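Peer 1: Numbering (this note's numbering), first residue to last: 652 to 888.
Here a beta-carbon is modelled for each residue, glycine too, at the ideal position from N, C-alpha and C.
Source: prediction; values computed, not measured.
#1: Kindly list the residues whose CB is nearer than 6 Å to the CB of residue 655, restricted to its own chain and excluding five residues on each side of it in sequence; keep chain order.
#2: To the nearest angstrom, how far is the alpha carbon of residue 881 from that of residue 712?
#3: What residues in its chain sit with their C-beta under 7 Å from that of residue 737, if we drop five residues either side in the sequence?
#4: Do residue 803 and residue 856 have their beta-carbon atoms positioned less than 8 Å apart in this structure?
#5: Please determine, among 811, 834, 747, 817, the residue with the shortest C-alpha to C-alpha distance to residue 894.
#6: Determine which residues share a DSSP beta bridge with residue 815 and list them.
#7: Determine, using beta carbons only, whether residue 701 and residue 653 come nearer to each other than 8 Å.
#8: So, is residue 679 buried or exposed, given that buried needs 16 or more other C-beta atoms within 10 angstroms?
#9: Just the C-alpha distance for residue 826 and residue 710, rounded to the nearest angstrom, thanks.
#10: Would you mind reading off the limits of the beta strand (DSSP E) that contains residue 694?
#11: CA-CA distance, residue 791 and residue 777?
#12: Just mark residue 767 as buried or exposed, buried being the case when its beta carbon has 16 or more other beta carbons within 10 Å.
#13: The beta strand (DSSP E) spanning residue 724 covers which residue range?
#14: Once you ignore the five residues that flank residue 785 on each side, which residues in its own chain have a CB closer than 7 Å to its CB?
#15: Among 727, 793, 806, 819, which residue has its Cα nearest to the Cα of residue 750?
#16: Three-state secondary structure (DSSP) at residue 676?
#17: If you follow the beta strand (DSSP E) that residue 597 is in, where does it begin and where does it stop?
#18: Please tell me whether residue 788 and residue 810 are closer than 8 Å, where the distance is taken between their beta carbons.
#19: Along the chain, where does the beta strand (DSSP E) that runs through residue 827 open and close?
#20: Taking the alpha-carbon positions, what's the residue 761 to residue 732 distance?
#21: May I ask you to list the residues that DSSP assigns as paired with residue 810?
#22: With distance defined between alpha-carbon atoms, name the residue in 660, 820, 699 nearest to residue 780.
#23: Taking the beta strand (DSSP E) that residue 742 belongs to, which residues open and close that run?
Here it is in C-alpha cells:
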C-alpha cells in the first residue's frame, strides 16, 4: 500500500506479512480539530481493490463504524476527504488502512474481519486543538498571521512562528529562506540596465504533542465477521 495524509507519506511494495504496524518514528503526522485533509491510497496488485480507512477519533482503542472512510471500491488508486471532528479526543491515536480485492466486502464493520487478500497497515497520528492564532516573525518584526505564509525576502532570512494553543503560546523552530543574488547588470550598453533578486516562497510550521498513546491495541485472531467488543485488535487474514 502507498498511503499519504497531510505530512505522512509511505510508499511500500506488497508486504510479506499482510499486516504491519508502521513505526511512528518514521511515518506520522499531526491533524487539527475541525480541519479537513485528504487521504490518498494506491495499491500494487494485479487486481483492482476496495480500500477502507478508520481513524480512532475518540482514542478508546477501537475502530468504530462512525470512524470509517472509503477512498475507492474498484480501482488501483483513489482518495477521500476527512474532517477531524471537533469532538475528537486530542493526543496520540491510530489510523488503519485495509485493502482487499474488488468484489469483496470491505466496509465500515470490517476493521478486523478475516480477509483472504489484501493488506492492513496501522499508523500512529496525533490530534491537536486548532491554534487560535499565528504570528510569524523575521527576528525583528511581525510579518504575517497565517499558516502557511508566503514571504518575499530580499536577503537570507530566518522566520519563526508562534501559535496560540489552548491559550498558551508555542514557538516553532526557525525556518530559513536562503536568497541567491542575481547576476550583476552590464555597464557597457547604450541603454541603462538593472537587475535584482527576489524569491517568493511558502513557509509553514507544525506543532506536535508528546502525549502517551492509548494502550490495549490487542491482537485478536478470528475467523468470523463478528466485531470484537474489547480493545482494538489486529485483523487476521
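Peer 2: Result, derived from the coordinates:
#1: Listed in chain order, the non-local C-beta contacts of residue 655 below 6 Å within the same chain comprise 691, local neighbours out to five positions each way being set aside.
#2: Below a pLDDT of 50, predicted positions are generally treated as unreliable, and residue 881, at 42, falls in that range; the measurement from the model is reported next regardless. Cα to Cα, residue 881 sits roughly 8 Å from residue 712.
#3: Excluding sequence neighbours, residue 737 sits near 684, 685.
#4: Taking 8 Å as the Cβ cut-off, residue 856 and residue 803 do not qualify as a contacting pair.
#5: No statement about residue 894 is possible, as the shown extent of the chain runs from 652 to 888 and does not include it.
#6: Looking at the DSSP assignment, residue 815 forms a beta bridge with 784, 820.
#7: No. Outside cutoff.
#8: With a 10 Å radius around the Cβ and a threshold of 16 neighbouring Cβ atoms, residue 679 comes out buried.
#9: Cα to Cα, residue 826 sits roughly 33 Å from residue 710.
#10: No beta strand (DSSP E) contains residue 694, which DSSP labels as neither H nor E.
#11: Whole-angstrom Cα-Cα distance: 32 Å.
#12: That one is exposed.
#13: 719–726 is the extent of the beta strand (DSSP E) around residue 724.
#14: 796, 797, 798, 812, 814, listed in sequence order.
#15: For the residues 727, 793, 806, 819, the minimum Cα distance to residue 750 belongs to 727.
#16: Coil at residue 676, not helix or strand.
#17: In the structure as shown, the chain starts at 652 and stops at 888, and residue 597 therefore has no counterpart that could be examined.
#18: Cβ distance < 8 Å, so residue 788 and residue 810 count as in contact.
#19: In the DSSP assignment, residue 827 falls within the beta strand (DSSP E) that extends over 826–828.
#20: Going from the Cα of residue 761 to the Cα of residue 732 covers about 20 Å.
#21: BP columns for residue 810 point to 826.
#22: Of the listed residues, the one whose Cα sits closest to residue 780 is 820.
#23: Run containing residue 742: 742–752, per the beta strand (DSSP E) assignment.
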